[in-house]
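Numbering (our numbering), first residue to last: 42 to 813.
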């Protein structure tokens with residue numbers, strides 16, 4: 042005779058019960074006139090089972106009820122806690138804690154409320170897999186959002202991937218949870234989700250902190266609080282710094298192809314196994330991936346030597362296919378295991394900070410891939426994506442679009458942005474493909490998109506999501522960066538949310554990038570007819586906080602690399618490269634450059650290989666590297682080049698109308714009115730021995746930078762260290778300089794005030810005092 046209805050047992054056996062805790066575990070009941078405890082357990086592979094009371098040193102046999110694997114035991118005792126089950130399965134026995142004895146829900150009503158309204162900023166501390174001790178028993182607490190699922194189970198190595206054994210219970214708002222005692226770090230798991238038609242989906246944890254190395258897809262229990270950070274000084278300084286008034290020079294890097302190790306060099310995977318040796322192929326010639334720790338040893342000193350202020354990593358979140366570069370994310374809360382464990386990535390970030398380098402991460406909230414183990418059709422319905430393919434699918438990319446109008450989905454993404462700052466101490470995100478989020482008709486022909494409620498193409502929910510993300514982000518982490526890759530005329534992208542902006546603090550200047558690459562790719566003789574390419578960016582530059590970016594997108598898909606975009610012979614190609622980058626570093630705006638550009642890589646970027654490091658044996662490429670070292674040094678040492686990037690007072694044309702010579706000249710100013718530099722750019726291979734430029738003050742102007750320096754591989758044409766001004770009114774200034782402009786060269790000059798004042802004092806005429 043059983044103490045519970047047969048239909049309740051059947052629901053457990055057939056995995057149909059949405060709250061198995063009502064049936065399984067320990068329950069106090071009235072039985073034969075007594076108050077007793079009944080312990081029930083469903084053990085699909087067991088032949089026999091016993092209840093153990095360790096404190097009382099007693100053991101009670103369990104009886105099969107209705108089903109040979111459904112066991113029940115009645116115990117007459119006043120208190121029943123932390124009991125154990127001894128289970129016999131064939132020739133094997135095991136003693137375990139009963140997971141259904143731990144009844145307290147960890148996901149509280151407050152969590153349910155905040156998550157439902159999309160404002161649970163630490164949702165990643167509740168959903169997912171978390172190490173926990175309950176009633177002095179260590180284990181892992183699991184929670185997943187699957188509101189339309191009929192049932193959800195945890196499956197893993199610990200239960201032979203059998204969804205009958207750890208059936209979860211459903212709480213408010215569709216959250217399923219369970220504490221599994223005895224589990225720890227390194228446990229592999231997934232969620233087995235059943236819909237109401239009985240279809241089964243095995244899903245990776247959307248909030249999982251770690252995943253198996255591809256092509257495997259299970260989540261792995263990880264402890265993100267074990268690493269001992271050493272970057273407290275960096276974080277404190279960052280909190281008080283205004284990044285918009287600081288130098289920002291970003292080295293954009295794809296970790297998988299920056300450099301690699303030989304295939305025959307041993308590679309220990311995060312799970313401790315040694316990856317077998319494989320042979321190089323034409324598709325994948327570059328060797329095995331470096332680990333996060335190897336990259337810390339090699340990449341960080343290299344970036345520091347070059348003088349960049351930040352490293353930007355192409356999406357570091359877990360993704361199934363190397364060739365996607367990381368932009369098709371399946372594990373939004375998991376740094377990719379290709380290069381190591383979460384702690385290894387923490388070590389990489391920590392080492393960057395200890396070496397004075399910030400870390401930016403590309404973030405992809407605009408779309409996600411259709412891989413079956415990921416987010417698509419997660420609970421048997423279109424949970425994370427729009428059900429209507431006219432809103433929910435990017436057909437050209439083969440990806441799905443998040444449903445930003447659903448609070449819990451928006452919370453998933455907002456929490457994810459905060460997560461990377463919180464747990465991994467990153468310094469900024471570069472939000473990928475913002476334009477694809479902002480427009481409902483992005484890459485969609487007429488008839489294949491749905492207008493918003495006002496009949497327009499603006500994606501109102503996506504814009505609201507971006508505002509919420511940036512508002513919350515800067516509330517928690519002042520001094521950090523949120524950068525938009527946005528290529529349209531959407532207004533106020535980098536304006537604060539309180540005035541109606543999207544809230545980013547920087548926006549990629551895609552217009553400048555296209556104009557400059559078009560300009561530099563043409564024969565210099567034709568540049569006189571296209572001076573507008575150089576000058577147009579200043580007309581709109583102060584409408585946003587712009588970042589000048591020459592990114593990975595400009596060196597793939599048959600676009601050729603920067604050096605090979607340039608016309609002329611090799612000398613002219615490299616002179617054009619020096620000219621372009623020097624103009625970039627003197628133009629208003631923060632800077633981003635993709636790896637390989639810093640030494641003049643010739644081939645297009647190959648994500649399957651490595652950079653052309655063999656080119657560094659040649660003087661021309663060595664010169665480009667030295668150029669970047671000097672440019673970054675100049676940029677960081679001259680406040681005029683970064684303090685007023687986004688203020689009109691920070692830039693002033695001297696002359697932008699000399700189309701015949703393709704020369705422009707301008708002034709960059711710091712907040713201190715006495716701090717300024719003069720920049721003169723000659724965009725043709727024709728040198729000019731007497732080129733006059735007006736300047737605002739008299740004195741000696743030191744030539745502090747010359748892109749044609751022999752040190753960089755140039756012709757070494759210049760002005761012998763600097764020039765004195767002439768009393769010659771020019772360009773609306775009372776003083777001017779007679780300069781020698783090198784071919785395809787950029788000069789940066791700065792008034793030497795001590796030398797000027799000393800010379801003026803030495804030449805001053807003393808006037809005798811008049812006698813009374």
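We put the beta carbon where it would ideally sit given N, CA and C, even for glycine.
Looking at the secondary structure, which residues open and close the beta strand (DSSP E) in which residue i lies?
i: residue 657; result: Looking at the DSSP string, residue 657 is not in any beta strand (DSSP E), and its letter there is neither H nor E.
i: residue 135; result: 133-138
i: residue 530; result: Note, residue 530: premise wrong, no beta strand (DSSP E); not H, not E.
i: residue 129; result: 125-130
i: residue 172; result: 169-175
i: residue 490; result: Taken as a continuous stretch (DSSP letters only), residue 490 belongs to no beta strand (DSSP E), as it is neither H nor E.
i: residue 633; result: 631-635
i: residue 82; result: 75-83
i: residue 244; result: 241-244
By the three-class DSSP mapping on this structure, what secondary structure does residue i have?
i: residue 357; result: coil
i: residue 620; result: helix
i: residue 286; result: helix
i: residue 214; result: helix
i: residue 252; result: strand
i: residue 259; result: coil
i: residue 481; result: coil
i: residue 551; result: helix
i: residue 380; result: helix
i: residue 118; result: coil
i: residue 474; result: coil
i: residue 341; result: helix
i: residue 112; result: strand
i: residue 233; result: strand
i: residue 409; result: strand
i: residue 742; result: strand
i: residue 613; result: helix
i: residue 311; result: Confidence is the limiting factor: at residue 311 the pLDDT is only 47, short of 50, which leaves the residue's position unreliable, though a coordinate-based value still follows. Reduced to three states, the DSSP call for residue 311 is coil.
i: residue 208; result: strand
i: residue 336; result: helix
i: residue 734; result: strand
i: residue 329; result: strand
Might you give, ordered along the chain, the residues of its own chain that have their beta carbon closer than 6 angstroms to the beta carbon of residue i, omitting 5 neighbours on each side?
i: residue 529; result: 476
i: residue 171; result: 182
i: residue 472; result: 404, 525
i: residue 86; result: 130
i: residue 469; result: 401, 521, 522
i: residue 519; result: 280
At which residues does the alpha helix (DSSP H) containing residue i begin and terminate?
i: residue 278; result: 273-280
i: residue 393; result: 383-395
i: residue 298; result: 296-299
i: residue 516; result: 501-517
i: residue 430; result: 430-433
i: residue 815; result: The shown model of the chain, from 42 to 813, leaves out residue 815, and the question about it has no answer.
i: residue 154; result: 150-158
Who are the Cβ neighbours of residue i in its own chain at under 8 angstroms, not counting the five residues just before and after it?
i: residue 345; result: 396, 397, 398
i: residue 515; result: 521, 523, 544, 546
i: residue 214; result: 153, 156, 157, 186, 188, 449
i: residue 440; result: 369, 408, 409, 410, 411, 434
i: residue 500; result: 445, 478, 479, 480, 481, 493
i: residue 746; result: 623, 671, 672, 675, 787, 788, 789
i: residue 104; result: 112, 113, 114
Give the C-beta separation of residue i and residue j to the nearest angstrom, bearing in mind that I take them to be a contact with Cβ-Cβ under 8 angstroms.
i: residue 142; j: residue 67; result: 6 angstroms
i: residue 517; j: residue 454; result: Their Cβ separation, rounded to whole angstroms, is 15 angstroms, which puts residue 517 and residue 454 out of contact at 8 angstroms.
i: residue 589; j: residue 603; result: Not really, about 13 angstroms apart at Cβ, beyond 8 angstroms.
i: residue 791; j: residue 718; result: 5 angstroms
i: residue 491; j: residue 548; result: Contact doesn't hold; Cβ gap of about 27 angstroms is too wide.
i: residue 771; j: residue 733; result: 5 angstroms
i: residue 381; j: residue 333; result: 4 angstroms
i: residue 667; j: residue 653; result: The Cβ separation is near 17 angstroms, so there is no contact.
i: residue 250; j: residue 224; result: Actually they are not in contact, since the Cβ atoms of residue 250 and residue 224 sit about 14 angstroms apart, beyond 8 angstroms.
Can you list, in chain order, the residues of its chain whose CB lies under 7 angstroms from that of residue i, leaving out five sequence neighbours each side?
i: residue 840; result: Since the displayed the chain opens at 42 and closes at 813, residue 840 lies outside it and no answer follows.
What do you reckon, is the C-beta of residue i under 7 angstroms from a heavy atom of the ligand FMN?
i: residue 468; result: Questions concerning the ligand FMN fall outside what the structure shown contains, since it holds no ligand whatsoever.
Only counting runs of 3 or more residues, tell me where the beta strand (DSSP E) segments fall wholly within the stretch 553-591, in order along the chain. 587-591
Which whole runs of the alpha helix (DSSP H) in the stretch 637-696 are 4 residues long or more, in chain order? 660-678
Within the stretch 758-807, note down every full beta strand (DSSP E) run reaching 3 residues or more, in order along the chain. 763-765, 776-782, 786-792
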